[in-house]
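Reading through the structure tokens given below for one structure.
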Amino acid sequence: MSKHTIVVCDHIHEDGLDILKNTEDINYVYAANIDKTALLDVIKDADIAITRSSTDVDEKFLNAAVNLKAIIRAGVGYDNVDMEGCSKRGIIAMNVPTANTIAAVELTMAHMLSCMRKFPYAHNQLKQDRIWKREDWYGNELFGKKLGVIGFGNIGHRVALRAKSFEMDVVTFDPYIPSTKATDLGIEYTTNFDDILSCDIITIHTPKNKETLDIIGEKEIAKMKDGVILINCARGGLYNEEALLNNLKSGKIAMAGIDVFKKEPAINHPLLDLDNVTVTAHLGANTKESQKKIAVQAAQNAIESARGIAYPNALNLPIDESKIPSFVKPYIELTQKMAFLSAQSDKSAIRSISVQAEGKIAEYLDSLTTFAAVGSLSVSGGEDVNYVNAKFWAEEKGITFDTAEISHNSGYNNKVTVKITTEKGVNTISGTVFNDNMQRIVDINHFALDIEPKGNMIFLRNSDVPGVIGEVGKVLGNEGINIADFRLSRGKNGALAVILVDSTINSDILSKLANLEAAISVSYAEI
54 MSKHTIVVCD HIHEDGLDIL KNTEDINYVY AANIDKTALL DVIKDADIAI TRSSTDVDEK
114 FLNAAVNLKA IIRAGVGYDN VDMEGCSKRG IIAMNVPTAN TIAAVELTMA HMLSCMRKFP
174 YAHNQLKQDR IWKREDWYGN ELFGKKLGVI GFGNIGHRVA LRAKSFEMDV VTFDPYIPST
234 KATDLGIEYT TNFDDILSCD IITIHTPKNK ETLDIIGEKE IAKMKDGVIL INCARGGLYN
294 EEALLNNLKS GKIAMAGIDV FKKEPAINHP LLDLDNVTVT AHLGANTKES QKKIAVQAAQ
354 NAIESARGIA YPNALNLPID ESKIPSFVKP YIELTQKMAF LSAQSDKSAI RSISVQAEGK
414 IAEYLDSLTT FAAVGSLSVS GGEDVNYVNA KFWAEEKGIT FDTAEISHNS GYNNKVTVKI
474 TTEKGVNTIS GTVFNDNMQR IVDINHFALD IEPKGNMIFL RNSDVPGVIG EVGKVLGNEG
534 INIADFRLSR GKNGALAVIL VDSTINSDIL SKLANLEAAI SVSYAEI
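The sequence shown begins at 54 in the numbering used here and counts up one residue at a time.
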């Protein structure tokens with residue numbers, strides 16, 4: 054079995070390293086402790102690199118990494134990654150944006166409470182100055198106050214829910230979500246930004262781009278209540294820092310809680326001189342739990358990208374993920390997985406790839422097709438296929454593409470179907486995404502199922518006769534293979550079993566299953 058080389062260039066939590074060490078088809082290289090010049094010699098053999106802020110993925114790095122297919126930035130920011138250079142070389146660049154979600158949410162609440170109760174200053178007066186003057190620190194309560202949340206993504210909506218538990222009134226502004234995402238949670242949704250500016254407290258949770266840079270400046274602050282409180286634990290520069298400074302000095306803004314600055318480290322920033330600011334040194338992701346989650350997700354993403362299964366949170370795709378609704382992203386990943394699954398179960402030459410969709414997801418058919426192409430062609434094209442070249446690679450092989458929006462009658466709000474035609478026949482897989490981004494395959498070749506697209510999967514077509522489950526269990530048990538899940542669907546032309554197992558399945562085991570009297574066909578895939 055050929056192995057994929059993953060080089061870890063910077064320190065990550067041990068749990069992430071353990072995943073890489075214990076994955077059979079991964080050659081894991083730990084290079085976090087070596088000099089960055091020496092790293093250039095190590096990186097030349099890497100298929101995948103995992104970095105943090107200590108390694109600059111610049112021209113030198115990319116020129117040395119001649120075999121690099123993807124890079125995972127273990128964290129949210131990617132300022133140290135030459136995105137254009139990666140794209141020119143066909144290298145997929147990814148980050149890990151959600152692992153620090155809870156850490157950022159809780160830090161936001163900490164700043165909010167600190168601003169309301171002036172906690173840091175009360176603390177310092179007693180502990181450092183040894184002065185007991187309670188009358189200096191009459192604060193305010195969150196109860197009954199109105200909170201404006203700009204950006205209702207992974208972090209923003211969780212801040213809103215926690216604010217609700219303090220019995221605050223909450224309103225959100227986010228033009229990229231359906232209003233029901235907020236209203237279903239009891240949160241007011243507005244399309245009028247002035248509704249946010251009229252709140253008692255405002256917190257911002259958006260990416261930093263042309264649209265959001267300086268989204269709050271002098272003009273917006275002038276519309277706010279006197280004594281407003283502003284929180285920023287997202288990105289430096291979302292609040293215009295000069296306007297923020299001036300209005301904190303004048304008292305228009307009563308307090309500000311700031312974790313991020315436009316230029317960091319911000320050890321000489323004038324905001325640090327003010328007594329109505331609580332500050333932290335970009336600690337949004339700095340909890341032990343979040344560092345563990347970042348490492349685990351980075352390792353898992355590195356393995357998936359090495360195998361060509363998926364490239365979660367890719368930054369240099371032919372679509373801009375920051376400009377699509379959040380509900381679309383899990384469908385994109387699911388579509389690629391379904392295509393990858395289909396191509397693994399039938400390894401003959403692909404003739405055409407068709408993607409069908411129903412519901413609002415149908416608006417994104419072109420993007421879904423790109424991901425389906427990568428998922429299916431990575432099986433036959435190997436590591437040479439990526440988002441940049443997938444359709445070009447397919448055209449060279451004479452593979453055609455087709456998309457269709459179908460009538461909304463399946464009972465699912467949104468559903469995607471990938472149909473791959475090969476030399477041997479046609480394979481069709483359908484899937485949907487439930488609440489909390491739960492991806493599910495719901496149909497395989499017209500057999501209704503409910504399975505998560507993950508793990509080692511055996512597909513057994515068989516005659517619908519008694520005793521099949523027992524015979525399958527006996528074959529796998531004799532081989533020491535533990536069954537994690539067994540899903541069976543019955544139809545007019547027999548049955549389909551999808552068997553999830555804890556171990557890799559070799560061709561000998563598949564042959565034994567194929568030789569069962571009731572077996573019609575057997576295939577195997579790993580996701």
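Think of the CB as a built atom: it goes at the ideal place given N, C-alpha and C, for glycine as much as any other residue.
Q. Within the chosen definition, does the segment 554-562 reach the segment 490-504 through at least 3 CB pairs nearer than 8 Å?
A. no
**Q.** 3 or more residues per run - each beta strand (DSSP E) lying fully within the segment 496-572
**A.** 500-504, 509-515, 536-544, 547-554
(Q) If I measure Cβ to Cβ from I184 and keep anything under 7 Å in the same chain, skipping five residues before and after, which residues do I get? (A) Q178
Q.
Distance check for Q353 and D98, CA to CA, integer angstroms please.
A. 20 Å
Q | E271 vs A296 beta-carbon contact at 8 Å | A | yes
Q. Going by Cα to Cα distance, which pick from D88, T265, N299, M308 is closest to A287?
A. The alpha carbon of A287 has as its nearest neighbour, out of D88, T265, N299, M308, the alpha carbon of T265.
Q) Less than 8 Å separating the beta-carbons of G138 and L115? A) yes
Q) Going along the chain, which unbroken runs of the beta strand (DSSP E) with 3 or more residues stay wholly within the segment 348-411? A) 403-411
Q: Look at the alpha carbon of H258 and the alpha carbon of V281, and state the distance between them as a whole number of angstroms.
A: Cα-Cα distance, rounded: 18 Å.
Q: Give a yes or no on whether the C-beta atoms belonging to L421 and W446 are separated by under 8 Å.
A: no
**Q.** Stretch-stretch touch, CB-based, cutoff 8 Å, three pairs: the segment 228-243 with the segment 145-154
**A.** no
Q. Within this structure, are the beta carbons of L298 and L324 separated by less than 8 Å?
A. yes
**Q.** DSSP three-state assignment for G138, whether helix, strand or coil
**A.** helix
Q: Output yes or no for whether 8 Å exceeds the beta carbon distance between K305 and I274.
A: yes
(Q) On a Cα-Cα basis, can you pick out the residue from E476, F424, I269 that is closest to E403? (A) This sequence places Ile at residue 403; Glu is not what is there. Nearest option by C-alpha distance: E476.
Q | Three-state secondary structure assigned by DSSP to N75 | A | coil
Q.
Let me make sure I understand the geometry here. Which of R142, D248, P260, P383 has the alpha-carbon closest to that of K276?
A. Looking at the Cα atoms, D248 is the closest of the given residues.
Q. Residue range of the alpha helix (DSSP H) that A157 falls in?
A. A157 -> alpha helix (DSSP H) spans 154-170.
Q: Within its chain, find whatever has a CB closer than 6 Å to the CB of I597; leave out the 5 residues flanking it on each side and keep chain order.
A: Within the shown structure, residues of the chain are numbered from 54 to 580, placing residue 597 beyond reach of any answer.
Q. In chain order, what residues of the same chain lie with their CB nearer than 8 Å to the CB of L327, ignoring the 5 residues before and after it?
A. L298, L301, K302
(Q) Measuring alpha carbon to alpha carbon, tell me which residue in K56, S407, T388, G201 is nearest T485. (A) T388
Q | Nearest-angstrom Cβ-Cβ length linking H66 and Q492, presumed shorter than 8 Å | A | So it is not a contact: roughly 25 Å between Cβ atoms.
**Q.** Contact under 8 Å by Cβ, D223 with A216
**A.** This sequence places Val at residue 223; Asp is not what is there. A216 is positioned such that its CB atom lies closer than 8 Å to that of V223.
Q: State buried or exposed for H34, treating a residue as buried only when at least 16 other CB atoms are found within 10 Å of its CB.
A: Because the chain spans 54 through 580 in this model, residue 34 falls outside it and cannot be assessed.
Q: Might you give, ordered along the chain, the residues of its own chain that have their beta carbon closer than 6 Å to the beta carbon of D496, omitting 5 neighbours on each side?
A: S483
Q | Residue closest to D253, alpha-carbon to alpha-carbon, out of G290, I284, A91 | A | I284
Q: Note down the Cα distance separating N535 from V551, rounded to an integer number of angstroms.
A: 14 Å
Q | N- and C-terminal bounds of the alpha helix (DSSP H) containing I230 | A | No alpha helix (DSSP H) contains I230, which DSSP labels as neither H nor E.
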